[in-house]
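Contents: one structure, followed by commentary.
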Amino acid sequence: MYYHPFVAVGVFLYHMYTKEKGYKDFFRRYPYCRQHKRAVILLDHIPYVLDPYTWLTIANDDWLTRNDSSPPKQD
Numbered sequence: 004m005y006y007h008p009f010v011a012v013g014v015f016l017y018h019m020y021t022k023e024k025g026y027k028d029f030f031r032r033y034p035y036c037r038q039h040k041r042a043v044i045l046l047d048h049i050p051y052v053l054d055p056y057t058w059l060t061i062a063n064d065d066w067l068t069r070n071d072s073s074p075p076k077q078d
């Protein structure tokens, strides 16, 4: 199968351009955050990881059945 994903590549390049421009503007405004570039980028992209996980586990109520009323174990 032979195809040309020009639209997908164009959207991806536009997305990368706007992200890069946004990061440059952010670091220009807050220069003291420049040393934490990886954290800024990670926090910007964490919804791409957490949103699918949230939707896949939205029906899981196991955390509600935790019994916290018991006293903590003592060694």
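The sequence shown begins at 4 in my numbering and counts up one residue at a time. Every residue, glycine too, gets a C-beta built ideally from N, C-alpha and C. Since the structure is predicted, the reported quantities are computational estimates derived from the model, not experimental observations.
What residue range is occupied by the uninterrupted alpha helix (DSSP H) comprising residue i?
| i | result |
| --- | --- |
| residue 32 | 9 to 32 |
| residue 51 | 40 to 59 |
For residue i and residue j, which I take to be in contact (beta-carbon distance under 8 Å), what is that distance rounded to the nearest angstrom?
| i | j | result |
| --- | --- | --- |
| residue 52 | residue 29 | Their Cβ separation, rounded to whole angstroms, is 21 Å, which puts residue 52 and residue 29 out of contact at 8 Å. |
I'd like the list of long-range same chain contacts for residue i, defined as Cβ closer than 7 Å, with 5 residues on each side in sequence excluded.
| i | result |
| --- | --- |
| residue 35 | none |
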